[in-house]
Structures are given as structure tokens and as C-alpha cells.
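Chemist:
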Amino acid sequence: MKITRVDTGNTAYLLGCAALVMLMTPGLALFYGGMVRAKSVLNMMMMSVVALGVVTLVWVLVGFSLAFGDSNGGLIGNFSFVGLRDTTAVVGHGIPLQVFAMFQLMFAVITGALLSGAVADRARFWPWALFVGLWTLVVYVPLAHWIFAVDGFSSAHGGWMANALGALDFAGGTAVEINSGASALALALVLGKRRGWPREPMRPHNLPNVLLGTGLLWFGWFGFNAGSALSAGAVAGNAFVTTMTASAAAVVAWLVLEHRLDGRPTSLGGASAAVAGLVAITPACGFVDTFGALVIGLLAGVVCQLAIRLKYRLGYDDSLDVVAIHGVGGLLGMLLIGFFATEAVNPAGADGLLYGGGPGQLGRQLVAVLATAAFAFTVTYVLAWLISRTIGFRVDPEVESEGIDEAEHAETAYDFTPLTSSIGRTT
Amino acid sequence: MILVTAIIKPFALGDVKDALERLGVLGMTVSEVQGFGRQKGHTEVYRGAEYTVDFVPKVRVEVVVADDVASKVVDVVVGAAHTGKIGDGKVWTTRVEQIVRVRTGERGGDAL
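As you go down the protein sequences, you meet chains A and B in turn.
According to the numbering used here, the stretch in the first sequence is residues 1 to 427, in order.
According to the numbering used here, the stretch in the second sequence is residues 1001 to 1112, in order.
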């Protein structure tokens, strides 16, 4: 199991990919920040900033160990890597375990930050910081263990979903995407709707920021998806191709459908489409070919767009559509693996229904999807409810109408006051 | 003296300003305003959610002129702002009781 020789190419590659994935969280902050109203953009972005802080600490102290330490029945790791001790060993693909730990950390950070989109404008800052740290430990870490901890990689025994079940998830359709979607729904339900939603206008205040964030997410996603090969080779190359193809297909499909439904192709639509395509291809990128990626992207552009309308029908205020884009997109990608996977691009994968593989893989994918969604929703609901009932999670109604930036951070994002002489320094 | 107030489409401001200068009007006050008349607002769609924007951006131009040129000023502004499409705006006049130039203290017509 232990490989002692460092592969410098793979190690350099994975270090670069880890840094790319790190950039996705500030990118997400811009993506989300532009979508909220001007009075709450700083709070929106700060939820991502503090996720970088808190989740990193949780991860290096105990999270990585529980996710990738030797498994207890396929459910959770052990404490062998607490504080990242004993992680200088070289593991599969000639990568130092420490480097793998950092690569995986970035996934944990962005997954936690993703949830903030469900509770825009109304979550108190410190309860959020507490939530995202605890959530990483009790929701993200077990799910990462189930799907990312492969037998014999960091430890002898890994998680049940990847090993006993044999579900395929290349870069996080379950632990990152379906998880964030299901958890976002639970969080939005516990915190409740924004005051005035959906009657009052809550249109995005800065669409260029959304597009800048989209660019950073898209760029970082190559590290996320192609990096998940953990080696710079053919599988990584395939993941890069499918990532770009699916995202491009989603942009085209989304804009055409949007023009037909709403009369115009919009910039927010284009940005949302790119992310939806990236989400859907995430689990599949290392198992499907270019054709599969094309179909997955086109479907993501249609299905995720229609899924956004659900919240108005069902009445939950998932403010920035984490459920529709990440939950539904992840679900789509996971299930389509059962159709489009082909061992021609990755012998470690499987053949889906279209490549003569039979329905078995689709069944395994379905089990993984349902288990992830049920676990994430239930545990997140309980955690958010506990925080809500003890220290309180939601800001006062006045704060919400006057703006959470001023109340929680004593700052305003933009200086709209031309009469600067009316602002005096007090210290 | 007459205060001429014009609410016009923002892009018409340059033409209105040039026309007033050609007529010899020596100053004006311009502000960005929002409102609606028969044009009403417009709709915007974000991820399928439709918003009606009631107020559309307009420019308000204000000039104070002598009684004898007021109707000519109104004609010039209307001519310069006219496109014939809905939303061109409105121009109205108001009688002004007193006017003072702050720098010199001049009053009435001398202050124009």
C-alpha cells in the first residue's frame, strides 16, 4: 500500500489544483455577493471568508483524520491523522498525504460556503461561523469519508459508498453538490423566508460581480475536476475536456431556453448555466467521454433552470438557488453516470446502460444519491434547529429591513453618500 | 420671471442644453430623477423571477428666465426633446416671485 517515492509531477500538479480549488471560495463570494441586495453584500461575502477560516481549522485539527483515517465500518474514519500528524507519508500516485489533505480541505471549505446562498440577508454572523464549523464535522466529513476514502489509499479501509457499494463519483457529486443542495434546503427551512419574499423585489445588485465570480469558479473547477484524478495523466485530461464541454453545453442550452421562456437571454442566466453545467459534470467528468459530457451539460442547462421555479411553487426561500443548481445538478450528474459511463475513458470506472453495462451501476448511483440527500438534510436540519433554538440564528426583523451589513459588521459596501462632510471620524 | 421645468429622456439632455445655449440662456440646473407617466415602467427577469420596475430614469432641467422669453424657451426645449415616442416627458412653467444672486445680492431680472 505504501509508496515511498514522491512523484514530483503528480505532486506539483495536485498542489496547483489545490490552489485552484481554494480560489473557488473567494469566487463564490463574488458570485453570491453580486446576487444579493447592496445592503447585504458584505455579510454574504463574509460567510465565505469565515468558512475559509473555520473549516480549515476544523479540517487540519480533526476533520481530515475522521474523513480519511482508517474506517470504522465504512461510516467514519479514526483519529490517526489528528492535527495532520503522520501525513508526510507518500500515498497513491506518489503524492505526499499532506498534499492530498490540502486538496481535500479546499473541497470542504467551498461546500460549507455554498450553503450560505440559502440564507442570504438573514443569518447572524457568529452563529453562521459556528454552524459551518460543526456542519463540516457532522455532515461533510462523514459524506467525504463515504465517497472519497478509497480502500488502501490513505488508510487500509475507506467509506462504504465508494468501496462496498461501488458508486461512482469522480469529484464530488454526492459529498459536495447533492450534500450542499440538501443541506441548503434544510437550512432555508429552519431559518425561514426573508421578510417580504417573494413579493418584494430582491434583484441582484451587481451582475458584473456575479460574472467575475463565475469566471473564478469556472477556472478553479478545472482544479476541482481534473485534479480529482490525483495524477497528471490521461484521466485528468479527459476530466478537463468533459468539464469544459459540459459547462459550454449548459450555457447554450440555458440561454436558448431562457430566451423562449422569459423573452431574453440574461447575464445571470449565463452565469447560472455555467455553474449548473460544472456541477452536473463534477461526478461524471472522469467516467464519461465528450459525447456524454455534451448531453449532461445540455440537460443541466434545462433541468436546473426549470428547478429554480420550484421554490416559488413550494414556498421555500433558497435565496440563491443552491438546491436547484447544486442539489438538482449533482443529482442529474450522478444518475447520468449510470447511462453514460464508459470504461474506454477510465478503466477504473464502469460501463453505463448506453455502453452495455446493464442497470446495475444506475442502481448503485441511485443508492448513493438517496443516502447522501437523506443524511445531509436530516443532520443539517437538526444542527441548524439546535443553533436556532439555543443561541439564535436569525437577525432581528429591523436588521433585515435596514441591512445586515451595517448591523452585523458595522460597514457598508458602497459609499453612496456624496455629502462626505457629514461623516466624521470618532477616533 | 418664469421657472421652466422640463422632465425629459436622459439622452435628450445634450440637445436640450445646446438649444438653450443657442437661445442665450446662461445657466441651468440638471438633476437625475425617476418617475413614470403614460410610458409606465418596464420588466426585468432574474432567473425566471419577473420584476416590474415602476420608475424609469429621467432628467429634470430647470431654468429661470425673463417673462418675455419664457414661451420661446418652452418651445425650444420641447423641440429638442421631441422624438414622438411615448416617454418623451413634460415641460411646465411656474411664476417666480423673487430671485437673488448670492454673490452680489442683485435681485429680480438683474440676477438672471
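Where is the CB? At the ideal position from N, CA and C, for every residue including glycine.
It should be emphasised that the depicted structure is a prediction, and the values quoted were computed from it without experimental measurement.
1) Give the C-beta separation of GLY330 of chain A and GLU177 of chain A to the nearest angstrom, bearing in mind that I take them to be a contact with Cβ-Cβ under 8 Å.
2) Using a Cβ-Cβ cutoff of less than 6 Å, which residues in the same chain neighbour ALA307 of chain A once the five nearest sequence positions on both sides are dropped?
3) Check whether the region 113–125 of chain A touches the region 28–48 of chain A, taking contact to mean three or more Cβ pairs, one atom from each stretch, closer than 8 Å.
4) Determine the closest residue to PRO204 of chain A out of B:VAL1078, B:GLU1106 and B:TYR1051, with distance taken between C-alpha atoms.
5) Assuming the contact rule is C-beta atoms closer than 8 Å, ARG195 of chain A and GLU408 of chain A should be a hit. Round their C-beta distance to whole Å, please.
6) Ignore the nearest five residues each way along the sequence and tell me which others in ASN209 of chain A's own chain have a CB closer than 7 Å to its CB.
7) Per the DSSP calculation, TRP1092 of chain B is bridged to which residue(s)?
8) Would you report the Cα separation of ARG264 of chain A and GLU258 of chain A, rounded to the nearest angstrom?
9) Within 10 angstroms of the Cβ of LEU320 of chain A, are there 16 or more other Cβ atoms? Answer buried if so, exposed if not.
10) Compare the C-beta of GLU258 of chain A with all C-beta atoms of chain B and state if any pair is closer than 9 Å.
11) Tell me which residue opens and which closes the beta strand (DSSP E) that TYR1051 of chain B is part of.
12) Determine the DSSP secondary structure at GLY338 of chain A, reduced to helix, strand or coil.
13) Should LYS311 of chain A be labelled buried (16 or more other beta-carbon atoms within 10 Å of its own) or exposed?
14) Using the rule of at least 16 other Cβ atoms within 10 Å of the residue's Cβ for burial, across every protein chain shown, is LEU137 of chain A buried or exposed?
15) Can you tell me the Cα-Cα spacing of GLY133 of chain A and LEU217 of chain A, whole angstroms?
16) Classify ILE391 of chain A as buried or exposed, calling it buried when 16 or more other Cβ atoms lie within 10 Å of its own Cβ.
17) Just to confirm my understanding: we take SER231 of chain A, look at its own chain, exclude 5 residues before and 5 after, and list those with CB closer than 6 Å. What are they?
18) Does any residue of chain A bring its CB to less than 9 Å from the CB of LEU1112 of chain B?
19) At a Cβ cut of 9 Å, what residues of the region 266–285 of chain A count as close to chain B, listed as they run along the chain?
20) So, does the CB of PRO208 of chain A fall closer than 9 Å to a CB anywhere in chain B?
21) Which residues in chain B sit within 7 Å of ASP262 of chain A, going by Cβ to Cβ distance?
22) Got a sec: is the Cβ-Cβ distance from TYR312 of chain A to anything in chain B below 9 Å?
23) With DSSP collapsed to three states, give me the class of THR378 of chain A.
24) Note down, in chain order, each residue of its chain lying with its Cβ closer than 6 Å to the Cβ of ASN43 of chain A, except the 5 sequence neighbours on either side.
25) State the start and end residues of the unbroken beta strand (DSSP E) segment that holds ARG1060 of chain B.
26) With a cut-off of 9 Å, does the C-beta of ASP415 of chain A fall near any C-beta of chain B?
27) At 7 Å on the CB atoms, spell out the chain B contacts of ARG199 of chain A, in chain order.
28) Which residues in chain B have a C-beta closer than 8 Å to the C-beta of ARG195 of chain A? List them in chain order.
29) Any C-beta of chain B sitting closer than 9 Å to the C-beta of ILE308 of chain A?
30) Does any residue of chain B bring its CB to less than 9 Å from the CB of ARG203 of chain A?
31) Excluding the five sequence neighbours on either side, which residues of its own chain have a C-beta within less than 7 Å of the C-beta of THR4 of chain A, listed in chain order?
32) For ILE337 of chain A, count neighbouring Cβ atoms within 10 angstroms of its own Cβ and tell me buried if that reaches 16, exposed if not.
33) Ignoring anything shorter than 4 residues, give me the alpha helix (DSSP H) runs that lie fully in the region 74–121 of chain A, in order along the chain.
34) Near LYS193 of chain A, which residues of its chain fall below 6 Å by C-beta distance, leaving aside the five closest residues on each side in sequence?
35) Output, in chain order, the set of chain B residues within a Cβ distance shorter than 8 Å of ASP321 of chain A.
36) How far does the alpha helix (DSSP H) with VAL279 of chain A in it reach, from first residue to last?
Modeler: Reading it off the structure:
1) Looking up residue 330 of chain A in the first sequence gives position 330. Looking up residue 177 of chain A in the first sequence gives position 177. Confirmed, Cβ separation roughly 3 Å.
2) Counting from 1 along the first sequence, the entry for residue 307 of chain A is found at position 307. Within the same chain, ALA307 of chain A has close Cβ partners ALA324 and VAL328.
3) yes
4) The residue given as residue 204 of chain A occupies position 204 in the first sequence. Out of B:VAL1078, B:GLU1106 and B:TYR1051, B:TYR1051 has the C-alpha closest to the C-alpha of PRO204 of chain A.
5) As a working mapping, residue 195 of chain A is identified with position 195 in the first sequence. As a working mapping, residue 408 of chain A is identified with position 408 in the first sequence. Rounded, the Cβ-Cβ distance is 16 Å, inconsistent with contact.
6) Taking the first sequence and counting its residues from 1, the one referred to as residue 209 of chain A is at position 209. The answer, listed in chain order, is LEU30, GLY33 and GLY34.
7) Position 92 of the second sequence holds residue 1092 of chain B. B:THR1005, per the DSSP bridge assignment.
8) In the first sequence, residue 264 of chain A corresponds to position 264, counting from 1. In the first sequence, residue 258 of chain A corresponds to position 258, counting from 1. If you take the alpha carbons of ARG264 of chain A and GLU258 of chain A, they lie about 7 Å apart.
9) Locating residue 320 of chain A in the first sequence gives position 320, counting from the first residue. So LEU320 of chain A counts as buried.
10) On the first sequence, position 258 is the one that residue 258 of chain A refers to. At least one chain B Cβ lies under 9 Å of GLU258 of chain A.
11) Counting from 1 along the second sequence, the entry for residue 1051 of chain B is found at position 51. Counting along the chain, the beta strand (DSSP E) containing TYR1051 of chain B begins and ends at 1049–1053.
12) Here residue 338 of chain A refers to the residue found at position 338 when the first sequence is read from its first residue. Looking at GLY338 of chain A - three-state DSSP - the assignment turns out to be helix.
13) Residue mapping note: residue 311 of chain A aligns to position 311 of the first sequence, counting from 1. By the 10 Å Cβ count, LYS311 of chain A comes out buried.
14) Walking along the first sequence from the start, residue 137 of chain A turns up at place 137. Classification of LEU137 of chain A: buried, given that the 10 Å Cβ count is 16 or more.
15) To locate residue 133 of chain A, count along the first sequence from 1; it is residue 133. To locate residue 217 of chain A, count along the first sequence from 1; it is residue 217. Distance between the alpha carbons of GLY133 of chain A and LEU217 of chain A is about 22 Å.
16) The sequence position of residue 391 of chain A within the first sequence is 391, counting from 1. ILE391 of chain A comes out exposed.
17) Locating residue 231 of chain A in the first sequence gives position 231, counting from the first residue. ASN10 and HIS93, listed in sequence order.
18) Mapped onto the second sequence, residue 1112 of chain B falls at position 112. So no, LEU1112 of chain B is outside the interface.
19) THR266, LEU268, GLY269 and SER272
20) As a first step, residue 208 of chain A is located in the first sequence; it is residue number 208 there, counting from the start. Chain B, which has no Cβ nearer than 9 Å to the Cβ of PRO208 of chain A, makes this no.
21) Indexing the first sequence from 1 puts residue 262 of chain A at position 262. Under the 7 Å cutoff, chain B gives VAL1045 and GLY1048.
22) Taking the first sequence and counting its residues from 1, the one referred to as residue 312 of chain A is at position 312. Yes - at least one Cβ of chain B is within 9 Å of the one on TYR312 of chain A.
23) In the first sequence, the residue the question calls residue 378 of chain A occupies position 378. Note: THR378 of chain A maps to helix in three-state DSSP.
24) On the first sequence, residue 43 of chain A is found 43 positions in, with the first residue counted as 1. Cβ neighbours of ASN43 of chain A beyond the five flanking positions: ILE404, ASP405 and GLU408.
25) Locating residue 1060 of chain B in the second sequence gives position 60, counting from the first residue. 1056–1065 is the span of the beta strand (DSSP E), which, as asked, contains ARG1060 of chain B.
26) Locating residue 415 of chain A in the first sequence gives position 415, where the first residue counts as 1. No, ASP415 of chain A does not count as interfacial toward chain B.
27) On the first sequence, residue 199 of chain A is found 199 positions in, with the first residue counted as 1. Near ARG199 of chain A there are no residues of chain B at all, since even the closest Cβ is about 11 Å away, more than 7 Å.
28) The residue labelled residue 195 of chain A in the question sits at position 195 within the first sequence. Within chain B, no residue comes near ARG195 of chain A; the closest Cβ sits about 17 Å away, beyond 8 Å.
29) As a first step, residue 308 of chain A is located in the first sequence; it is residue number 308 there, counting from the start. Judged by the 9 Å Cβ criterion, ILE308 of chain A is in contact with chain B.
30) Your numbering for residue 203 of chain A matches position 203 in the first sequence. Answer yes: the Cβ-Cβ gap between ARG203 of chain A and chain B drops below 9 Å somewhere.
31) Reading the first sequence from its first residue, position 4 is the one you call residue 4 of chain A. Excluding positions up to five away in sequence, the list reads VAL90.
32) On the first sequence, position 337 is the one that residue 337 of chain A refers to. Classification of ILE337 of chain A: buried, given that the 10 Å Cβ count is 16 or more.
33) 97–115
34) The residue given as residue 193 of chain A occupies position 193 in the first sequence. Correct list, in chain order: ASP317.
35) Counted from its first residue, the first sequence places residue 321 of chain A at position 321. Those are ARG1047, listed as they occur along chain B.
36) Taking the first sequence and counting its residues from 1, one reaches residue 279 of chain A at position 279. VAL279 of chain A -> alpha helix (DSSP H) spans 267–281.
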